[in-house]
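**Student:**
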Ligand code: NAD
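Residue numbers (UniProt numbering): 1 to 369.
(1) Is it right to say residue 158 is buried, meaning 16 or more other beta carbons lie within 10 angstroms of its own, or is it exposed?
(2) In terms of DSSP beta bridges, what is residue 285 paired with?
(3) Going by DSSP in three states, residue 52 sits in which element: helix, strand or coil?
(4) Using only CA atoms, which one of 73, 223, 210 lies nearest to residue 195?
(5) Cutting at 6 Å between CB atoms, please list the residues of its own chain near residue 161, excluding the five before and the five after it.
(6) How far does the alpha helix (DSSP H) with residue 341 in it extend, from its first residue to its last?
(7) Short of 7 Å in beta carbon distance, which residues of its chain neighbour residue 77, apart from the five on each side in sequence? Order them along the chain.
(8) Measuring CA to CA, which of 7, 260, 24 is closest to residue 65?
(9) If you compare alpha carbons, which of 285, 50, 351, 115 is closest to residue 69?
(10) Quick one: what's got a C-beta closer than 7 Å to residue 330's C-beta in the same chain, skipping five residues either side?
(11) Quick one: using the 10 Å Cβ neighbour count with 16 as the cut-off for buried, is residue 75 buried or exposed?
(12) Have a look at 355, 347, 288, 340 and flag the residue whose alpha-carbon is nearest the alpha-carbon of residue 107.
(13) Pop quiz: residue 240 and residue 181 are said to be a contact at Cβ under 8 Å. What is the actual Cβ separation, rounded to whole angstroms?
(14) Pop quiz: residue 100 and residue 249 are said to be a contact at Cβ under 8 Å. What is the actual Cβ separation, rounded to whole angstroms?
(15) From residue 127 to residue 333, what does the alpha carbon distance come to, in whole angstroms?
(16) List the whole-angstrom C-beta distance separating residue 133 from residue 270, where the pair is believed to meet the contact cut-off of C-beta under 8 Å.
(17) Return yes when the C-beta of residue 356 is under 7 Å from any heavy atom of ligand 1, and no when it is not.
(18) Using the Cα positions of residue 348 and residue 328, report the straight-line distance between them to the nearest angstrom.
(19) Where do the N-terminal and C-terminal ends of the beta strand (DSSP E) with residue 295 fall, by residue?
(20) For a quick check, are the C-beta atoms of residue 344 and residue 118 less than 8 Å apart?
(21) On the CB-based measure, 16 or more other CB atoms within 10 Å of its CB, does residue 339 come out buried or exposed?
(22) Any idea what DSSP makes of residue 146, helix, strand or coil?
(23) Span of the alpha helix (DSSP H) holding residue 93?
(24) Helix, strand or coil for residue 360? Go by DSSP, reduced to three states.
(25) My output table needs one value for residue 213: the three-state DSSP class, helix, strand or coil.
(26) By how many angstroms is the C-alpha of residue 236 removed from the C-alpha of residue 187?
(27) My output table needs one value for residue 222: the three-state DSSP class, helix, strand or coil.
(28) If you count every other CB in all the chains shown that lies within 10 Å of the CB of residue 1, and 16 or more means buried, which is it?
(29) Write down the C-beta distance between residue 296 and residue 354 rounded to the nearest angstrom, noting that I regard them as a contact closer than 8 Å.
(30) Using the rule of at least 16 other Cβ atoms within 10 Å of the residue's Cβ for burial, across every protein chain shown, is residue 315 buried or exposed?
(31) Distance, Cα to Cα, residue 275 vs residue 40?
(32) Would you check whether ligand 1 has a heavy atom nearer than 7 Å to the C-beta of residue 289?
(33) Alpha carbon to alpha carbon, how far is residue 54 from residue 88?
(34) Measuring only the C-alpha atoms, how far is residue 376 from residue 120?
(35) Report back the beta-carbon spacing between residue 139 and residue 169 to the nearest angstrom; my notes put them in contact at under 8 Å.
(36) Under the assumption that residue 129 contacts residue 110 (Cβ atoms under 8 Å), give the Cβ distance between them as a whole number of angstroms.
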């Protein structure tokens, strides 16, 4: 059995609480002989600043470079509001993303049947929803130059951001989308605005050429990004994989996230380029939520986003598809049985603690045989 190198970076606030539940899940897989892990643990965010005066130490960066996958909890909190800007907790996450070259952000939106009524949309629109948004993370308008505010001769000001993409950048993110679609329902929807943007024209041309060359077995459709936003709230189940740029991906993934209810339910993954020799990608898995200082230390955090992020690591970094299916199935079973943490419990009903939810998921794993 292969041993997977896993680095755990729990971080601040509820990060360590939800990561502890992943550790119980990891132990279960190991005890059952279904997967083997070599686990390292490190510090990131405010706790790293307290220990090393930086948001992530060189030693922990090295562990991240060497790992097959990094599991990241959450960083930040009022305690570190006044630390120097370059050492603020979020700088640890940004450094990880940059140094590991994580250009592909994967945000699934899965609506468990038991939670369909918690969505702001009608249950029949979201029940059974399972879509994946693949967002380009390191290019586009957030990074393009010039990026400035200049004062004009008449004293008024002009702000400039630059949307820029090259064909290799578009090619590599769309490849990720096509590869993932092959493991799912085999459909990619490419969202851009070729009607008004040159980068949109280039995006459409590039994805069309890539599709014809290497992925003609996958269904490809083009959708204007504004229409995609509308379709996501009208009938989201028409989608399988949506691939899009950094700016549109930021917005569309937040829209898709809210289809499924609580922030405590949303996992994510960020992937880097494939290593030519090993075929492996650098990867970081993290819940979408932050460190939730308002509930930290109270046993109220929902660990499902963090455990779901580990399920994504099993699927996308370790190729352990059966283990990932089993874990996601166990989460669905627990929700189906009515077990809820406070954030997803109906008002007036009983809620379980973070560790009780973790234990219930381990029990459901066991019950699946
Ligand atoms: P947040 O996601 O931490 O919390 C928003 C709300 O959702 C809070 O009411 C919180 O209690 C609730 N919530 C979040 N996760 C939950 C969970 N697992 N279970 C139950 N309820 C949950 O966002 P915020 O309050 O805007 O930010 C708090 C801190 O986290 C800030 O310092 C911010 O900078 C940081 N942050 C970090 C990340 C990250 O590490 N990737 C992401 C976002 C925010």
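We put the CB at the ideal spot given by N, CA and C, even for glycine.
**Tutor:** Answer, in terms of the structure:
(1) To locate residue 158, count along the chain shown from 1; it is residue 158. Exposed.
(2) The residue given as residue 285 occupies position 285 in the chain shown. Paired residues: 71, 269.
(3) Numbered from its first residue, the chain shown carries residue 52 at position 52. Three-state result, residue 52: helix.
(4) Counting from 1 along the chain shown, the entry for residue 195 is found at position 195. Among 73, 223, 210, the Cα nearest to that of residue 195 belongs to 223.
(5) The residue you call residue 161 lines up with position 161 of the chain shown. Cβ within range, chain order: 141, 147.
(6) Walking along the chain shown from the start, residue 341 turns up at place 341. No alpha helix (DSSP H) contains residue 341, which DSSP labels as neither H nor E.
(7) Within the chain shown, the letter at position 77 stands for residue 77. Excluding residues within five positions, the ones whose Cβ falls inside 7 Å are 12, 13, 46, 291, 293.
(8) Your numbering for residue 65 matches position 65 in the chain shown. For residue 65, the nearest C-alpha among the options comes from 7.
(9) Taking the chain shown and counting its residues from 1, one reaches residue 69 at position 69. Residue 69 has its Cα closest to that of 285, out of 285, 50, 351, 115.
(10) Walking along the chain shown from the start, residue 330 turns up at place 330. Result list for residue 330: 361, 364, 365, 368, in chain order.
(11) Translated into positions along the chain shown, residue 75 becomes position 75. It is buried - the Cβ of residue 75 has at least 16 other Cβ atoms within 10 Å.
(12) Translated into the one-based positions of the chain shown, residue 107 becomes position 107. Here the closest residue by C-alpha is 288.
(13) Against the chain shown, residue 240 aligns to sequence position 240. Against the chain shown, residue 181 aligns to sequence position 181. That pair is a contact at about 6 Å.
(14) For this step, residue 100 is matched to residue 100 along the chain shown. For this step, residue 249 is matched to residue 249 along the chain shown. Not confirmed; about 18 Å, so no contact.
(15) Translated into the one-based positions of the chain shown, residue 127 becomes position 127. Translated into the one-based positions of the chain shown, residue 333 becomes position 333. Each residue's Cα considered, the two are about 15 Å apart.
(16) In the chain shown, counting from the first residue as 1, residue 133 sits at position 133. In the chain shown, counting from the first residue as 1, residue 270 sits at position 270. Incorrect: roughly 12 Å between the Cβ atoms, too far for contact.
(17) Working through the chain shown from its first residue, we reach residue 356 at position 356. No; taking the cut-off as 7 Å, the Cβ of residue 356 has no heavy atom of ligand 1 nearer than that.
(18) For the purposes of this step, residue 348 is taken as residue 348 along the chain shown, with counting starting at 1. For the purposes of this step, residue 328 is taken as residue 328 along the chain shown, with counting starting at 1. C-alpha separation (whole angstroms): 27 Å.
(19) Translated into the one-based positions of the chain shown, residue 295 becomes position 295. Residue 295 -> no beta strand (DSSP E), and no H or E assigned at all.
(20) As a first step, residue 344 must be located in the chain shown, where it is residue number 344. As a first step, residue 118 must be located in the chain shown, where it is residue number 118. Yes, these two residues count as a Cβ contact at 8 Å.
(21) As a first step, residue 339 must be located in the chain shown, where it is residue number 339. Counting Cβ neighbours within 10 Å, residue 339 comes out buried, since at least 16 surround it.
(22) Numbered from 1 along the chain shown, position 146 holds the residue referred to as residue 146. Of the three classes helix, strand and coil, the one that applies to residue 146 here is strand, per DSSP.
(23) The count along the chain shown starts at 1 and reaches residue 93 at position 93. Residue 93 -> alpha helix (DSSP H) spans 90–99.
(24) Position 360 of the chain shown holds residue 360. DSSP places residue 360 in helix when its eight states are reduced to three.
(25) For the purposes of this step, residue 213 is taken as residue 213 along the chain shown, with counting starting at 1. Here residue 213 sits in helix by DSSP.
(26) Translated into positions along the chain shown, residue 187 becomes position 187. Translated into positions along the chain shown, residue 236 becomes position 236. The straight-line gap from Cα to Cα measures roughly 14 Å.
(27) Position 222 of the chain shown, counted from the start, is the residue given in the question as residue 222. Residue state, collapsed to three classes: strand.
(28) Position 1 of the chain shown, counted from the first residue, corresponds to residue 1. With fewer than 16 other Cβ atoms within 10 Å, it is exposed.
(29) For the purposes of this step, residue 296 is identified with residue 296 of the chain shown, where counting begins at 1. For the purposes of this step, residue 354 is identified with residue 354 of the chain shown, where counting begins at 1. With a Cβ gap of about 11 Å, residue 296 and residue 354 do not count as contacting.
(30) Residue 315 sits at position 315 when you count from the first residue of the chain shown. Buried is the call here.
(31) Within the chain shown, the letter at position 275 stands for residue 275. Within the chain shown, the letter at position 40 stands for residue 40. The straight-line gap from Cα to Cα measures roughly 22 Å.
(32) Position 289 of the chain shown, counted from the start, is the residue given in the question as residue 289. Under cutoff, so the answer is yes.
(33) Numbered from 1 along the chain shown, position 54 holds the residue referred to as residue 54. Numbered from 1 along the chain shown, position 88 holds the residue referred to as residue 88. Each residue's Cα considered, the two are about 8 Å apart.
(34) In the structure displayed, the chain extends from 1 to 369; residue 376 sits before or after that span and is not available.
(35) Stepping through the chain shown from its first residue, residue 139 is reached at position 139. Stepping through the chain shown from its first residue, residue 169 is reached at position 169. About 5 Å separates the two Cβ atoms, so the contact holds.
(36) Start at 1 with the first residue of the chain shown, and residue 129 comes out as number 129. Start at 1 with the first residue of the chain shown, and residue 110 comes out as number 110. The pair is a contact, with the Cβ atoms about 7 Å apart (cut-off 8 Å).
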